[in-house]
Amino acid sequence: MIKDKPSLNLSRSSVPNGLLIMDSGVVATGDVTPTTTPSPSSSSTCVVTSQKFAKGTRFGPLLAQKSYTPIKGLPFPLVLFANTPPSYYYGTDLLMLDFELQTLLSGRNVYLDTRNESKCNWMIHVSLARFSNEQNLICYQENDEIYYTAIKDIELGDILRVWYSRSYAAKIGATLLEPSPYDICNNILRSVSLDYGLDLDQNQNYLESFPSTSGGTNNQLSHHHHHASSSSSMVGGSDVNNNSNGGNSATVTS
């Protein structure tokens, strides 16, 4: 009997250049542990940068299975809120349309199920921010998609940490984060340099020594130096504009 070839784990194989999915246990910083850094799908992973990303860089869209019923038990619920259908769609036979358009016209919210790694892309591995001063991404809805956008310049070795934008948090019923009264080190290179006395400027290749769970090798990913600020696609949405620098930004897709 000839069996089907096993399908790739979409959440691991869809990671863009410049990012690494790492097991939290091997990331050498006290901030990243399975008990303190949950991600939407698994608390044992996080996403670390192997290049710099400019403020305003947009990641996405997030891919996940969709449901009309709320998904219970998720630490980071995501909902696609229905929009008012355009007037020229009234009277349309919804059964003739695809799922996304049916949802838009039916006025029903859609809930994203981020539990299945084989059905979701890499964005489900992004860690949740616990404090506003460690957050570097905001989550928001644009049209019928979910995106994450950088609210500050992201350095090489930074751990991506996301929380809801102001308006999306209001819709979903979540509170905004408060700042931590303590200094937070969110960069694995800086943390290692402090803990072990390494010269940060001479040890940026330290990232390459970590085992990556994203399919390719760390060495391959860390040498893709794309300058996000040189791209021209603008970040949309009022929440993002309030947090970006007004200059050019890039969209990073899977």
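59 is the number that full-length UniProt numbering gives to position 59 of the sequence shown; each next residue is one higher, with no gaps. All C-beta atoms in this analysis are idealised placements derived from N, C-alpha and C, irrespective of residue type, glycine included.
Is it true that the region 130 to 137 meets the region 74 to 83, where meeting means three or more beta-carbon pairs spaced less than 8 Å apart? no
Assign Ser167 to one of three DSSP states: helix, strand, or coil. As a first step, residue 167 is located in the sequence shown; it is residue number 167 there, counting from the start. Note: Ser167 maps to helix in three-state DSSP.
So, under 8 Å CB-CB, Val252 and Pro16 are touching, yes? Tell me the CB distance rounded to an integer number of Å. Start at 1 with the first residue of the sequence shown, and residue 252 comes out as number 252. Start at 1 with the first residue of the sequence shown, and residue 16 comes out as number 16. With 8 Å as the limit, Val252 and Pro16 qualify as a contact, their Cβ atoms being about 5 Å apart.
Any contact of the region 141 to 156 with the region 48 to 61, i.e. 3+ C-beta pairs under 8 Å? Cβ pair count under 8 Å is three or more, so yes.
Three-way DSSP call (helix, strand, coil) for Ser14 in this model: Walking along the sequence shown from the start, residue 14 turns up at place 14. Residue state, collapsed to three classes: coil.
Kindly indicate which three-state DSSP category Leu74 falls into: helix, strand or coil? By 1-based counting over the sequence shown, the position of residue 74 is 74. The answer is coil: DSSP assigns Leu74 none of H, G, I, E or B.
Decide if Phe53 is buried, meaning its Cβ has at least 16 other Cβ atoms within 10 Å, or exposed. Residue mapping note: residue 53 aligns to position 53 of the sequence shown, counting from 1. Counting Cβ neighbours within 10 Å, Phe53 comes out buried, since at least 16 surround it.
Which same chain residues end up closer than 6 Å to Ala82 when comparing Cβ atoms and leaving out the 5 residues on each side of it in sequence? By 1-based counting over the sequence shown, the position of residue 82 is 82. The answer, listed in chain order, is Gly107, Arg108 and Asn109.
Check Lys66 in the structure and name its three-state DSSP category. Walking along the sequence shown from the start, residue 66 turns up at place 66. Three-state DSSP puts Lys66 in a strand.
Pick from Glu142, Tyr164, Asp144 and Asn143: whose alpha carbon is nearest that of Val126? Residue mapping note: residue 126 aligns to position 126 of the sequence shown, counting from 1. For Val126, the nearest C-alpha among the options comes from Tyr164.
Per DSSP, Phe59 is paired with what? Mapped onto the sequence shown, residue 59 falls at position 59. Phe59 is bridged to Tyr148 and Val252.
With a CB to CB cut of under 7 Å and the five nearest residues on each side skipped, what residues in its chain are close to Asp113? Within the sequence shown, the letter at position 113 stands for residue 113. The answer, listed in chain order, is Ala64, Gln65, Ser67 and Ile71.
Starting from Met22, trace the beta strand (DSSP E) in both directions and tell me its first and last residue. For this step, residue 22 is matched to residue 22 along the sequence shown. Start and end: Leu19 to Asp23.
Is Ser180 helix, strand or coil by DSSP? What you label residue 180 is simply residue 180 of the sequence shown in a count that begins at 1. Ser180 falls in the coil class under three-state DSSP.
How would you label Arg12, buried or exposed, when you count the other beta carbons within 10 angstroms and need 16 or more for buried? Counted from its first residue, the sequence shown places residue 12 at position 12. By the 10 Å Cβ count, Arg12 comes out buried.
Which whole-angstrom value describes the C-beta separation of Leu10 and Cys120, a residue pair presumed to lie in contact below a C-beta threshold of 8 Å? Counted from its first residue, the sequence shown places residue 10 at position 10. Counted from its first residue, the sequence shown places residue 120 at position 120. Right, the Cβ-Cβ distance comes to about 6 Å (below 8 Å), so this counts as a contact.
Could you tell me the distance, in whole angstroms, from the CA atom of Ile151 to the CA atom of Asn186? Position 151 of the sequence shown, counted from the start, is the residue given in the question as residue 151. Position 186 of the sequence shown, counted from the start, is the residue given in the question as residue 186. C-alpha separation (whole angstroms): 15 Å.
How big is the Cα-Cα spacing for Leu160 and Glu117? Mapped onto the sequence shown, residue 160 falls at position 160. Mapped onto the sequence shown, residue 117 falls at position 117. The straight-line gap from Cα to Cα measures roughly 18 Å.
Of the choices Ser44, Arg115, Pro181 and Ala169, whose alpha-carbon is the least far from that of Gly73? In the sequence shown, counting from the first residue as 1, residue 73 sits at position 73. The shortest C-alpha separation from Gly73 is found at Arg115.
I'd like the list of long-range same chain contacts for Tyr111, defined as Cβ closer than 6 Å, with 5 residues on each side in sequence excluded. Along the sequence shown, one-based indexing puts residue 111 at 111. The answer, listed in chain order, is Ser67, Pro70, Ile71 and Val79.
Assuming contact is defined by CB atoms lying nearer than 9 Å, are Ser167 and Tyr140 in contact in what I supplied? Within the sequence shown, numbered from 1, the residue matching residue 167 stands at position 167. Within the sequence shown, numbered from 1, the residue matching residue 140 stands at position 140. Cβ distance < 9 Å, so Ser167 and Tyr140 count as in contact.
Classify residue 269: buried if its beta carbon has 16 or more other beta carbons within 10 angstroms, exposed otherwise. One cannot answer for residue 269 here, as it falls past the ends of the chain, which runs 1 to 254.
Just to confirm, is the Cβ distance from Ala129 to Leu189 under 9 Å? Counted from its first residue, the sequence shown places residue 129 at position 129. Counted from its first residue, the sequence shown places residue 189 at position 189. Cβ distance not < 9 Å, so Ala129 and Leu189 don't count as in contact.
Within the same chain, show all residues whose beta-carbon is closer than 7 Å to that of Lys171, passing over the 5 residues directly before and after it, in chain order. Within the sequence shown, numbered from 1, the residue matching residue 171 stands at position 171. Excluding sequence neighbours, Lys171 sits near Phe81.
Following the continuous beta strand (DSSP E) through Asp113, name the residue where it begins and the one where it ends. As a working mapping, residue 113 is identified with position 113 in the sequence shown. Counting along the chain, the beta strand (DSSP E) containing Asp113 begins and ends at Val110 to Asp113.
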